[in-house]
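Adding 3 to a residue's 1-based position in the sequence shown gives its number in my numbering. Worksheet for the structure shown next.
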Amino acid sequence: MEIVILSALVARTAAALSDGVKMTTLLQVQNVSKSFGGLRVIRDCDLQVQEGSITGLIGPNGAGKSTLFNLIAGTSGIDEGAIYFRGEDVTALPAHDLFSRGLLRTFQIAHEFSNLSVFENLMMVPGGQAGESLFNACFQRSQVLDEERALRQKAQDVIDFLVLGPVKNELAGNLSGGQKKLLELGRTMMVDAKMVLLDEVAAGVNRSLLQHLATNIERLQRELGYTFFVIEHDMDLIARLCDPVIVLSEGQVMMEGSMVAVRNNPAVVNAYFGGGSTIAAELV
Ligand SMILES: Nc1ncnc2c1ncn2[C@@H]1O[C@H](COP(=O)(O)OP(=O)(O)OP(=O)(O)O)[C@@H](O)[C@H]1O
Ligand SMILES: [Mg+2]
């Protein structure tokens, strides 16, 4: 396996061994509420995500799933309650602080990056390289070159891991929907992500690429210790990837359990049908 990914794996495995094998709460959402213009979209919401899990978040359209992700990722401020990440209160932290702590959500490739190649998109991700400072660029050239070399190696490792080699030099704007999602996932690998929020990752992705994407999500969890929190309307994908699954309805957690338990819960099925959701048929 590639050098950088292997060393990350060894470091994480060592940390896991020294901690002992135990379930640790990575993310805790505590009594969180959020309103938009008087409409209470998230209501006293309580949930936890365990470290190393792929936790699903499902619910009818308009249940508040994406809003909750925005609150967790710091792209929108909460009205009430608290959010803890790795035991620390991160409630008021902006997105870039959370990002540097390893909590991130994938974003669509920004318009201005669509004219860069896949490789260049990966190279753009990490901040704080020595070369970004004019002083360093002029006076510490060997350090800059070392970092540049390490960065290129890391980008190549990510490309190998995700099997993006055939499109390495393709412009991001020319990729298919599924290849773009893989690149978005690859961008999380360029920083030391602990937890990645995925909002409707399957949307617009063809079936075969979706299986490749799902396999990579599982590999990132198993081999690199990622924790995923996944919003998805594709119930087959949720059933394949996620345990547990949290059901959100009208801004509150309705239940948490295995996908089998969720499918067998009449209240959940009612919430889907009651909301007139188009995905009710996929749930049952
Ligand atoms: N910025 C906003 N301003 C006003 N209302 C908003 C805003 N963002 C979300 N809402 C409202 O909050 C509610 C929840 O929306 P949200 O997008 O979180 O639902 P969702 O569960 O992600 O739905 P979907 O499955 O359709 O993506 C909706 O009624 C939506 O109209
Ligand atoms: Mg949404």
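The beta-carbon is built from N, C-alpha and C at its ideal position, and this holds for glycine as well.
Checklist entry - Could you check where the alpha helix (DSSP H) with residue 76 kicks off and where it finishes? => result To locate residue 76, count along the sequence shown from 1; it is residue 73. Per DSSP, the unbroken alpha helix (DSSP H) holding residue 76 starts and ends at 68 to 76.
Checklist entry - Would you call residue 62 buried or exposed, if buried means 16 or more other Cβ atoms sit within 10 Å of its Cβ? => result To locate residue 62, count along the sequence shown from 1; it is residue 59. Counting other Cβ atoms within 10 Å of its Cβ, residue 62 reaches 16 or more and is therefore classed as buried.
Checklist entry - Under a three-way DSSP split, which group does residue 191 fall into? => result Looking up residue 191 in the sequence shown gives position 188. Here DSSP, grouped into helix, strand and coil, assigns residue 191 to helix.
Next on the checklist: Going by DSSP in three states, residue 260 sits in which element: helix, strand or coil?
Outcome noted: Start at 1 with the first residue of the sequence shown, and residue 260 comes out as number 257. In the displayed model, residue 260 falls within a strand according to three-state DSSP.
Item to check | Proximity to residue 127 [Cα-Cα], best of 28, 36, 31, 187 | outcome: Stepping through the sequence shown from its first residue, residue 127 is reached at position 124. Out of 28, 36, 31, 187, the CA that lies nearest to the CA of residue 127 is found in 187.
Checklist entry - Any idea what DSSP makes of residue 198, helix, strand or coil? => result As a first step, residue 198 is located in the sequence shown; it is residue number 195 there, counting from the start. Strand, per DSSP.
Checklist entry - Start and end of the beta strand (DSSP E) containing residue 218? => result As a first step, residue 218 is located in the sequence shown; it is residue number 215 there, counting from the start. Following the DSSP letters along the chain, one finds residue 218 in no beta strand (DSSP E) but inside the alpha helix (DSSP H) bounded by residues 210 to 227.
Item to check | Integer Cβ distance of residue 196 from residue 59, believed to fall under 8 angstroms | outcome: Along the sequence shown, one-based indexing puts residue 196 at 193. Along the sequence shown, one-based indexing puts residue 59 at 56. Distance from residue 196 to residue 59 at the Cβ level is roughly 18 angstroms; contact not present, criterion being Cβ atoms closer than 8 angstroms.
Item to check | Identity of the residues DSSP links to residue 50 by a beta bridge | outcome: Stepping through the sequence shown from its first residue, residue 50 is reached at position 47. Answer by DSSP bridge pairing, in chain order: 32.
Next on the checklist: DSSP three-state label for residue 9, please.
Outcome noted: In the sequence shown, counting from the first residue as 1, residue 9 sits at position 6. Unreliable positioning characterises residue 9 in this predicted model, as indicated by a pLDDT of 48, which lies under 50. A coordinate reading is not provided.
Checklist entry - Helix, strand or coil: how does DSSP classify residue 181 here? => result To locate residue 181, count along the sequence shown from 1; it is residue 178. Helix at residue 181.
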